[in-house]
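Everything below concerns the one structure shown next.
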Amino acid sequence: MTNGTLKVTKGALVIMRGTRKQNLYVLQGKIVVGGTVAIFESRKYDKTKLWHMRLGHAGEKALQGLVRQGLLKGAKTCKLDFCEHCVLGKQTRVRFGTAVHQTKGIIDYVHLDVWGPTKTASMSGKHWFVTFVDDYSKKSWVYTMKHKDKVLNIFLNWKKMVETHTGKKLKTLRSDNIGEYTSDPFFKLCRDEGIVRHFTVRGTPQ
1 MTNGTLKVTK GALVIMRGTR KQNLYVLQGK IVVGGTVAIF ESRKYDKTKL WHMRLGHAGE
61 KALQGLVRQG LLKGAKTCKL DFCEHCVLGK QTRVRFGTAV HQTKGIIDYV HLDVWGPTKT
121 ASMSGKHWFV TFVDDYSKKS WVYTMKHKDK VLNIFLNWKK MVETHTGKKL KTLRSDNIGE
181 YTSDPFFKLC RDEGIVRHFT VRGTPQ
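Under UniProt numbering, the letters of the sequence shown match residues 1 to 206, in that order.
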């Protein structure tokens, strides 16, 4: 990709080109079927795209059926141009593979996450909560907070409680790679306690 132009190559041969349109690349080329080139011309007064948007980005087949019934005033070709919203709406997250870690006992591997702020505070005025999930037993602990900077204190109290009750030590902590988990005090605590850190990309709890 250079200067907003995308090139698809096979060896020294350029198979396809594309130009950037907003946040997507539109491929340039022609449709060739059995030696026949089909070129669709956009018509100045065709309101197909307008109806496409009005009807919640309906597909060409649905629009053609409505045109045949005479229900779409101004629509003629029913051939839709590129629609960025349709492409973005069909995007899906990349599937995550099976986790490579194996847990053999309780609190060997714990998942930590913070959520908030909520639009409406709890009766005690709290807008955030932090969760701890044990990978082995699937047991969960949830704590509410007024501010997310209380995560470290809550973690210390939770760690002391579970280690006292189970007689085991926390070995690995998995969390997002964002501020409340990567502060110097948090890192120092984990280093001093011998806790291994595993990080995930923000917004990908799977």
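Ideal Cβ positions, reconstructed from N, Cα and C, are used throughout, including at glycine.
None of these values were measured; they are calculated from a predicted model.
#### Entry: C-beta contact flag for V172 and Y109 at 7 Å
Counting from one through the sequence shown, the residue named residue 172 turns up at place 172. Counting from one through the sequence shown, the residue named residue 109 turns up at place 109. Contrary to the premise, residue 172 reads as Thr rather than Val in this sequence. In this structure, Y109 lies closer than 7 Å to T172 by Cβ.
#### Entry: Collapsed DSSP secondary structure at T118 in the structure displayed
Position 118 of the sequence shown, counted from the start, is the residue given in the question as residue 118. T118: coil per DSSP, three-state reduction.
### Task
Provide the residue(s) that pair with Q28 in DSSP beta bridges, ordered along the chain.
Numbered from its first residue, the sequence shown carries residue 28 at position 28. BP columns for Q28 point to R17.
### Task
For A75, collect the residues of the same chain with a Cβ closer than 6 Å to its Cβ; drop the 5 residues on either side in sequence, then sort them by chain order.
Here residue 75 corresponds to residue number 75 of the sequence shown, with the count starting at 1. These residues qualify, in order along the chain: K47, T48, W51 and V67.
### Where the beta strand (DSSP E) through H52 begins and ends
Here residue 52 refers to the residue found at position 52 when the sequence shown is read from its first residue. First-last for H52: T48 to R54, but that is the alpha helix (DSSP H), not the beta strand (DSSP E).
### Query
Fully enclosed by the UniProt domain "Integrase catalytic" (100-206), which beta strand (DSSP E) runs are 3 residues long or longer?
109-115, 128-134, 140-145, 172-176 and 196-200
### Which of helix, strand or coil DSSP assigns to L72
On the sequence shown, position 72 is the one that residue 72 refers to. If DSSP states are grouped into helix, strand and coil, L72 belongs with coil.
### Message
Cutting at 6 Å between CB atoms, please list the residues of its own chain near H111, excluding the five before and the five after it.
### Response
Along the sequence shown, one-based indexing puts residue 111 at 111. Counting only Cβ-Cβ distances below 6 Å, and skipping sequence neighbours, we find V133 and R174.
### Query
With a cut-off of 8 Å, do at least 3 Cβ pairs link the region 83-91 to the region 118-137?
no
### Query
Start and end of the alpha helix (DSSP H) containing L88?
As a position in the sequence shown, residue 88 is number 88, starting the count at 1. Run containing L88: E84 to G89, per the alpha helix (DSSP H) assignment.
### Candidates T5, Q69, M16 and T144: closest to L24 by CA position
For the purposes of this step, residue 24 is taken as the residue at position 24 of the sequence shown. When each option's Cα is compared against that of L24, the closest is T5.
### Message
Please report the straight-line C-alpha distance between K21 and K7, rounded to a whole angstrom.
### Response
Position 21 of the sequence shown holds residue 21. Position 7 of the sequence shown holds residue 7. So the two alpha carbons sit approximately 15 Å from each other.
### Message
For I107, which residues in the same chain have their Cβ closer than 8 Å to its Cβ, ignoring the five residues on either side in sequence?
### Response
For the purposes of this step, residue 107 is identified with residue 107 of the sequence shown, where counting begins at 1. Here the set comprises D134, Y136, V162, E163, T166, K168, K169, L170 and K171.
### Task
Please classify C83: is it buried, with 16 or more other beta-carbons within 10 angstroms of its beta-carbon, or exposed?
Numbered from 1 along the sequence shown, position 83 holds the residue referred to as residue 83. It counts as exposed.
### Query
According to DSSP, is L80 helix, strand or coil?
Within the sequence shown, the letter at position 80 stands for residue 80. It is coil, neither helix nor strand.
### Query
Do you know offhand how far F186's Cα is from H127's?
Start at 1 with the first residue of the sequence shown, and residue 186 comes out as number 186. Start at 1 with the first residue of the sequence shown, and residue 127 comes out as number 127. When rounded, the distance between both Cα atoms is 22 Å.
### Message
Rounded to whole angstroms, what is the Cα-Cα separation between H101 and M53?
### Response
What you label residue 101 is simply residue 101 of the sequence shown in a count that begins at 1. What you label residue 53 is simply residue 53 of the sequence shown in a count that begins at 1. Distance between the alpha carbons of H101 and M53 is about 46 Å.
### Task
May I ask you to list the residues that DSSP assigns as paired with V8?
Position 8 of the sequence shown holds residue 8. For V8, which the question treats as bridged, DSSP gives the partners M16.
### Message
Please classify F199 as buried or exposed, where buried requires at least 16 neighbouring CB atoms within 10 angstroms.
### Response
Locating residue 199 in the sequence shown gives position 199, where the first residue counts as 1. The residue is exposed, with fewer than 16 neighbouring Cβ atoms inside 10 Å.
### Inter-residue spacing [alpha-carbon to alpha-carbon] between I160 and E193
Counting from 1 along the sequence shown, the entry for residue 160 is found at position 160. Counting from 1 along the sequence shown, the entry for residue 193 is found at position 193. Correcting the residue identity first, residue 160 is Lys in this sequence and not Ile. The straight-line gap from Cα to Cα measures roughly 12 Å.
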